[in-house]
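Here's the structure, in structure tokens; my notes come after.
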Amino acid sequence: MIRKNPSGDLPQIAESAYVDKTAIICGKVVIGENVFVGPYAVIRADEVDASGEMEPITIGANSNIQDGVVIHSKSGAAVTIGEFSSIAHRSIVHGPCMVGDRVFIGFNSVLFNCVVGNGCVVRHNSVVDGRDLPDAFYVPSTTRIGPNTDLSLFPPVSVSASEFSEDVARTNVDLVRGYKALQNEF
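In terms of our numbering, the sequence shown has 12 at position 31, counting the first letter as 1, and numbering is strictly consecutive.
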């Protein structure tokens, strides 16, 4: 469902993107080329700041927002998902937040008030809250990263984790093409 927010903003969705019919895209949302938005995802840009303004939620080209993901923002703050990034099933990305290019965010993970650098991998059931992650940073499953977390205790992203992230992004770009081809069959 594509709909306006109370401020009257309508989503801008690239023609080549695929948005599942059960997803909700509301308000000041910009979805780039070849983006996959899966079933029951919610991307909602509707809150404003104290002066009545809001920044967009932007999903970069060739990224994927998988089943049940929620992307929202507090008080009109920006949320940006870079290119070739994957936000896996049931994750929450709550702004203010910026996710770089070629990032993988695992199932059920939560991002809030943070920057996740290019090439990062945040594995399943992890939380990044109030702490920026440098490029190529690896967060193991079930880890909580907060404002005082010592990032030097974590290893860099391994080659296999990077390859996995790239494969997920490629697979979802292929799914976009497949689903777009099927749209005229229903």
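Just so it is clear, CB atoms sit at the ideal spot from N, CA and C, and this is done for glycine as well.
Start and end residues, alpha helix (DSSP H) containing residue i
i	result
Ser107	Note, Ser107: premise wrong, no alpha helix (DSSP H); not H, not E.
Gly76	No alpha helix (DSSP H) holds Gly76; the beta strand (DSSP E) holding it covers Ile73 to Val80.
Val138	Taken as a continuous stretch (DSSP letters only), Val138 belongs to no alpha helix (DSSP H), as it is neither H nor E.
Check whether residue i and residue j have beta carbons under 8 Å apart
i	j	result
Pro37	Val10	yes
Val16	Asn45	yes
Asp48	Gly19	yes
Phe168	Arg71	This structure leaves residue 168 out entirely; the chain is present only between -18 and 167.
Ala69	Ile52	no
Gly41	Gly13	yes
Terminal residues of the beta strand (DSSP E) in which residue i lies
i	result
Thr39	Ile38 to Ile40
Ile92	Before going on, a small fix: residue 92 reads as Leu here, not Ile. Unbroken beta strand (DSSP E) run through Leu92: Val91 to Val97.
Ser(-12)	That residue, Ser(-12), is in no beta strand (DSSP E); it is neither H nor E in DSSP.
Val16	No beta strand (DSSP E) contains Val16, which DSSP labels as neither H nor E.
His70	No beta strand (DSSP E) holds His70; DSSP gives it neither H nor E.
Arg25	Val23 to Ala26
Assumed close pair residue i, residue j - CB separation to whole angstroms, cut-off 8 Å
i	j	result
Val120	Ser141	The pair is not a contact, with the Cβ atoms about 15 Å apart (cut-off 8 Å).
Thr3	Thr39	That belief does not hold up - the Cβ atoms of Thr3 and Thr39 are roughly 22 Å apart, past 8 Å.
CA nearest to the CA of residue i, picked from the options
i	options	result
Gly100	Gly111, Val80, Val84 and Asn89	Val84
Ile73	Val157, Ile(-6), Tyr21 and Ala117	Tyr21
Cys78	Val103, Asp30, Asp110 and Phe65	Asp110
Ser67	Asn129, Met35, Ala59 and His105	His105
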